Each structure stands twice: as C-alpha cells, then as structure tokens.
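Numbering (the numbering used here), first residue to last: 245 to 656.
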C-alpha cells in the first residue's frame with residue numbers, strides 16, 4: 245500500500261478541497277460524503293502543509309471543521325500559488341531534469357549525444373526516447389533552444405531571463421500587479437520568487453483568490469479557443485449534485501467583476517445554442533477536432549454582435565431582447581453621483597430626464613433578471629420597474645415587500 249506523500253499528484257482533487265475549505269469552511273469530515281475518509285485526510289494534511297499560516301480548525305458537537313481563512317488586507321501575494329509548487333515527480337524525472345540542465349549549459353547536443361554523456365559520465369541509463377520526450381517538453385516551455393543540423397535536432401540551454409529585457413528595479417511592480425490580477429498569474433509569482441522580488445505597492449480590497457486554482461483548466465480552454473477546436477469536458481452541477489460529460493465549442497471567457505467567478509461561453513455543436521459553464525465546476529478538458537471551418541467565422545461574428553446586448557452571462561443565439569425601464573427619484577443638486585452611476589454602470593442603457601428630480605433608465609438585454617441585483621442597489625430611489633418579462637416586476641416588488649416586513653414594519 246502506498247504511503248502518504250506530501251506532494252500533489254492529482255491537482256484536480258487538491259483544487260476541490262482547497263476551494264471547499266476556503267469557501268465552505270463550516271463542513272465537517274462527514275459532510276464530504278462523496279470522497280473517502282482517507283482522501284479527505286490526505287488532502288487536509290497536504291493543504292495544512294502548503295498553507296499552514298491560513299488553515300484553522302474548530303470543534304463542536306458535530307465534529308471538527310477545517311477552513312482556510314485569508315484576509316486580503318494582510319497578504320502581498322496569493323497564497324494559493326503554493327499549490328503549483330508542490331507537484332509530485334519520480335526519481336527519474338528529477339534526476340533527468342538536473343542532468344539536462346548541467347549537460348546543455350553552454351553546449352549544443354542531440355538526444356543521442358545526451359544519452360551517451362549520461363551513460364559514460366554519470367553511469368546512468370536513460371532511454372533515448374525518454375530524453376527526446378523531455379527535451380521536446382522543455383523546448384515548448386522555452387527552457388531549451390533547438391536548431392536543425394541535418395536530420396537531427398540539437399538542443400542547448402536558453403539563458404535568457406526577463407531581467408535581460410526589463411530592468412530589475414522596474415520589474416517588481418509589473419510582476420506584482422500581473423501575478424495578482426491576470427489569468428495565469430502564477431507565472432508572475434514564480435518570476436518574482438526567482439528574482440527575489442516583493443510586492444510592496446499593491447493590495448486589493450476585493451481579491452478573488454480561489455480563481456487561480458482554475459488556471460490548469462483555463463489554459464486548455466484558451467488553447468481550444470485559439471485553435472478553434474471543440475472540447476469534451478466534465479461539469480459538476482452543485483444544484484443537481486452530479487457530474488455530466490459535454491461536447492461543445494468554447495468561444496469566450498467571461499469574468500464577473502462583482503463576484504470574481506469566471507465562465508466559459510460555449511456553443512452546443514448539435515443544437516446550436518449558447519451555454520455558460522462556471523469554470524470552477526469544470527473538472528476535465530480534452531481537446532477534440534477543430535470546429536467546421538465553414539461555420540467558424542460566421543459564429544464568431546454572430547457572437548460579437550450578440551454579446552454587445554448581454555448584461556451578464558446570459559447570451560442567446562436566437563431570441564428577442566427584453567426591454568427594461570426603471571424610473572427613479574434623484575436629487576439633482578445633491579445626488580449627481582447617482583446619475584453618474586447610471587451612466588457608468590448602465591452599460592448601453594440610456595438615462596432620460598422626465599422632470600424635476602425624475603429620471604428614467606432604459607435598456608434592452610437578453611435576460612433582465614440578471615439586472616435585479618443592480619436595480620436593488622438603487623432601493624429608496626426607485627419609483628417603478630417595468631419589463632417585457634412580467635416576472636421582473638413581480639420579483640422586484642415581492643423582494644421589496646419582504647424587505648419592508650423584515651426591517652420597517654412595526655410589531656403588532
């Protein structure tokens with residue numbers, strides 16, 4: 245029986261546990277009924293080792309709870325990047341890695357020549373095919389440079405560094421911002437560690453830390469989008485509590501500035517409709533054949549046209565838009581900032597002055613229901629809300645009545 249290993253072999257498992265400990269820190273061991281007790285214990289120990297300063301435990305009559313508690317006010321870099329520095333490896337992997345780094349430092353050799361050097365100088369035996377595979381992998385990563393000599397490829401170590409192009413004194417701020425904001429920020433985080441740099445200038449009030457755990461899935465989807473290929477993937481539905489397999493054509497990555505969630509907008513290949521999948525619910529991705537070329541350009545052009553009318557993640561390929569109107573009372577002397585909010589946050593909506601302190605905001609979108617959280621942020625100023633979808637007005641008025649009962653209605 246294999247013993248416990250602190251290094252991570254299956255990243256998808258550690259990804260799930262890290263997210264759940266971070267978001268659902270109230271769960272006990274028994275609540276993870278879809279996973280074995282041993283799987284839970286191993287993941288908890290690994291996470292505790294990786295994020296020791298942020299893992300907390302609480303105990304009550306229902307059991308022990310493990311949670312990850314991180315205050316963005318007290319961190320200068322995303323702690324979840326530690327997960328990417330803990331990948332497991334075999335003895336042969338690590339041995340070959342350092343041998344290649346030493347052998348190709350300052351000289352150019354073929355795979356056969358490298359195999360001979362390893363055999364004679366280090367008295368170790370590696371299959372030429374194994375060496376060739378590792379060389380190809382590192383070439384794709386930019387670690388080795390390759391040049392053709394006859395029918396053979398000759399490899400040498402790439403000694404270029406980012407500091408060759410950007411002065412080190414200007415590098416810290418650039419990488420600090422990139423590593424905390426951009427997709428695949430773990431690259432910036434690694435370069436900061438490699439160059440002994442610290443983030444001294446950027447802290448974030450709303451920092452969606454857990455999204456970095458989705459980058460291994462994101463990179464496969466981005467590759468599929470770039471190469472215009474379909475993908476096969478498994479998606480976990482939290483509402484249905486099951487996992488299903490899908491085949492679709494990924495077209496665009498969408499990111500919410502309100503909650504930090506990222507989505508993949510995909511086109512159903514068979515039924516030709518758009519569906520958004522949450523990136524953190526996607527478990528596995530396999531790249532398939534390219535989408536039929538005769539459709540690609542037309543579909544991309546259609547999406548660019550359609551998405552301009554979307555409020556949130558709802559984009560429909562063939563549907564009329566919902567028109568929404570909201571009338572508000574805004575004090576023109578004291579509340580100009582409210583009018584600015586309407587113009588700045590209202591996307592392609594229009595603001596019309598109906599009279600003294602009386603304004604109307606109008607827009608059209610695929611799903612006016614997505615606007616309700618934003619509309620409710622004007623509570624106290626809203627005079628009326630109307631939409632071609634009657635449920636919008638009904639839901640808004642019901643929510644206002646419930647709020648009134650909870651906070652304003654006097655006790656009988």
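Built from N, CA and C at the ideal position, the CB exists for glycine as well.
Since this is a predicted model, take the numbers as computed values, not measurements.
If you drop the 5 nearest sequence neighbours on each side, which residues of the same chain put their C-beta closer than 8 Å to that of residue 457?
Stepping through the chain shown from its first residue, residue 457 is reached at position 213. Counting only Cβ-Cβ distances below 8 Å, and skipping sequence neighbours, we find 259, 262, 263, 324, 327 and 524.
Counting Cβ pairs closer than 8 Å, one from the region 329-346 and one from the region 250-258, do we hit at least three?
The region 329-346 vs the region 250-258: in contact.
Alpha carbon to alpha carbon, how far is residue 612 from residue 600?
Looking up residue 612 in the chain shown gives position 368. Looking up residue 600 in the chain shown gives position 356. Using only the alpha carbons, I get a separation of about 27 Å.
Measuring CB to CB, does residue 510 end up less than 8 Å from residue 493?
Stepping through the chain shown from its first residue, residue 510 is reached at position 266. Stepping through the chain shown from its first residue, residue 493 is reached at position 249. Yes.
Any idea what DSSP makes of residue 632, helix, strand or coil?
To locate residue 632, count along the chain shown from 1; it is residue 388. Residue 632 carries a coil assignment under DSSP once its states are collapsed to helix, strand and coil.
Counting C-beta neighbours from all protein chains within 10 Å, is the total for residue 652 16 or more, i.e. buried, or is it exposed?
To locate residue 652, count along the chain shown from 1; it is residue 408. Exposed is the call here.
Per DSSP, which one or two residues make a beta bridge with residue 294?
Here residue 294 corresponds to residue number 50 of the chain shown, with the count starting at 1. Residue pairing by DSSP places residue 294 opposite no residue, since no beta bridge is assigned to it.
Cβ distance (whole Å) where residue 438 is taken to contact residue 478 below 8 Å:
Within the chain shown, residue 438 is the residue found at index 194, counting from 1. Within the chain shown, residue 478 is the residue found at index 234, counting from 1. Separation of the CB atoms of residue 438 and residue 478 is rounded to 35 Å, and the pair is thereby denied contact status at 8 Å.
Outcome for residue 650 when other beta-carbon atoms lying within 10 angstroms are tallied against a minimum of 16:
Walking along the chain shown from the start, residue 650 turns up at place 406. Under the 10 Å beta carbon count, residue 650 is surrounded by fewer than 16 other beta carbons and is classified as exposed.
Report yes if the CB atom of residue 448 is closer than 8 Å to the CB atom of residue 313, and no otherwise.
For the purposes of this step, residue 448 is taken as the residue at position 204 of the chain shown. For the purposes of this step, residue 313 is taken as the residue at position 69 of the chain shown. Residue 448 places its beta carbon 8 Å or farther from that of residue 313.
Exposed unless 16 or more other CB atoms sit within 10 angstroms - verdict on residue 629
Sequence index remark: in the chain shown, residue 629 carries index 385 (1-based). With 16 or more Cβ atoms within 10 Å of its Cβ, residue 629 is classed as buried.
Run through the DSSP bridge pairs and tell me what residue 519 is partnered with.
Here residue 519 refers to the residue found at position 275 when the chain shown is read from its first residue. Beta-bridge annotation (DSSP): residue 519 is paired with 510.
Does the beta-carbon distance from residue 567 to residue 610 come in below 8 Å?
Working through the chain shown from its first residue, we reach residue 567 at position 323. Working through the chain shown from its first residue, we reach residue 610 at position 366. Contact flag unset, no.
Exposed or buried, residue 290, counting other C-beta atoms within 10 Å across all chains shown (16 or more means buried)?
Position 46 of the chain shown, counted from the start, is the residue given in the question as residue 290. Classification of residue 290: buried, given that the 10 Å Cβ count is 16 or more.
Residue 574 classed as buried or exposed, judged by whether at least 16 other C-beta atoms fall within 10 angstroms:
The residue given as residue 574 occupies position 330 in the chain shown. That one is buried.
Please look up how many angstroms separate the CB atoms of residue 322 and residue 424, rounded, as I've assumed it's under 8 Å.
Residue numbering aside, residue 322 sits at position 78 when the chain shown is read from its first letter. Residue numbering aside, residue 424 sits at position 180 when the chain shown is read from its first letter. Rounded, the Cβ-Cβ distance is 6 Å, consistent with contact.
Alpha helix (DSSP H) containing residue 424: first to last residue?
Counting from 1 along the chain shown, the entry for residue 424 is found at position 180. Per DSSP, residue 424 belongs to the alpha helix (DSSP H) from 412-425.
Should the region 338-358 be called in touch with the region 396-407, which here means at least 3 C-beta pairs below 8 Å?
The region 338-358, when compared against the region 396-407, does touch it at the 8 Å Cβ threshold.
In the DSSP assignment, find the alpha helix (DSSP H) that holds residue 399 and state where it starts and stops.
As a first step, residue 399 is located in the chain shown; it is residue number 155 there, counting from the start. Note, residue 399: premise wrong, no alpha helix (DSSP H); beta strand (DSSP E) at 396-401.
Taking residue 363 as part of the alpha helix (DSSP H), name the residues at either end of that continuous run.
Here residue 363 refers to the residue found at position 119 of the chain shown. Counting along the chain, the unbroken alpha helix (DSSP H) around residue 363 starts and ends at 355-366.
For residue 366 and residue 337, what's the separation of their Cα atoms in angstroms?
Counting from one through the chain shown, the residue named residue 366 turns up at place 122. Counting from one through the chain shown, the residue named residue 337 turns up at place 93. Approximately 16 Å between the Cα atoms of the pair.
Within the region 258-341, note down every full alpha helix (DSSP H) run reaching 4 residues or more, in order along the chain.
With a minimum length of 4 residues, the continuous alpha helix (DSSP H) runs that stay inside the region 258-341 are 281-294.
Close Cβ partners of residue 656 (< 6 Å) along its chain, the five nearest in sequence each way excluded
As a first step, residue 656 is located in the chain shown; it is residue number 412 there, counting from the start. At residue 656, the pLDDT of 47 sits below 50, so the modelled position is not reliable; the number obtained from the coordinates is stated separately. Setting aside the 5 residues that flank it on each side, residue 656 has no residue in the same chain whose C-beta is closer than 6 Å to its C-beta.
Rounded to a whole number of angstroms, what is the C-alpha to C-alpha distance between residue 219 and residue 422?
What is shown of the chain runs 245 to 656, which leaves residue 219 out entirely.
Please go through the same chain and pick out, in chain order, the residues whose beta-carbon is closer than 8 Å to the beta-carbon of residue 486, but skip the five residues on each side of it.
Within the chain shown, numbered from 1, the residue matching residue 486 stands at position 242. 480.
Beta-carbon proximity check, residue 565 vs residue 608, cutoff 8 Å:
On the chain shown, position 321 is the one that residue 565 refers to. On the chain shown, position 364 is the one that residue 608 refers to. Yes, the Cβ-Cβ distance between residue 565 and residue 608 is below 8 Å.
Cut-off 7 Å between Cβ atoms - residues of its own chain near residue 622, not counting five sequence neighbours on either side
Translated into the one-based positions of the chain shown, residue 622 becomes position 378. Cβ within range, chain order: 572.
Express the C-alpha separation of residue 345 and residue 403 in angstroms, rounding to a whole number.
Within the chain shown, the letter at position 159 stands for residue 403. Within the chain shown, the letter at position 101 stands for residue 345. Rounded to the nearest angstrom, the two C-alpha atoms are 11 Å apart.
Cα-Cα separation between residue 640 and residue 626, rounded to whole angstroms:
Your numbering for residue 640 matches position 396 in the chain shown. Your numbering for residue 626 matches position 382 in the chain shown. For residue 640 and residue 626, the distance between alpha carbons rounds to 11 Å.
Residue 409 (DSSP reduced to helix, strand or coil):
Numbered from 1 along the chain shown, position 165 holds the residue referred to as residue 409. Of the three classes helix, strand and coil, the one that applies to residue 409 here is coil, per DSSP.
7 Å CB neighbourhood of residue 299 in its chain, flanking five on each side removed
As a first step, residue 299 must be located in the chain shown, where it is residue number 55. Shown here for residue 299: same chain residues with a beta carbon closer than 7 Å to its own, the five before and five after excluded, namely 291, 292, 310 and 312 in chain order.
Can you tell which of 455, 419 and 429 has its C-alpha closest to the C-alpha of residue 440?
Walking along the chain shown from the start, residue 440 turns up at place 196. Of the candidates 455, 419 and 429, the residue whose Cα lies closest to the Cα of residue 440 is 419.
May I ask you to list the residues that DSSP assigns as paired with residue 480?
Indexing the chain shown from 1 puts residue 480 at position 236. Answer is 487, bridged to residue 480.
Taking 7 Å as the line, does the beta carbon of residue 334 fall inside it for any heavy atom of the ligand COA?
The ligand COA is not part of this structure, which contains no ligands at all.
At which residue ranges does the region 431-478 contain complete alpha helix (DSSP H) runs of 4 or more residues, listed in the order of the chain?
Complete alpha helix (DSSP H) runs here, min 4: 459-471.
Roughly how many angstroms lie between the CA atoms of residue 637 and residue 301, to the nearest whole one?
As a position in the chain shown, residue 637 is number 393, starting the count at 1. As a position in the chain shown, residue 301 is number 57, starting the count at 1. Rounded to whole angstroms, residue 637 to residue 301 spans 45 Å at the Cα level.
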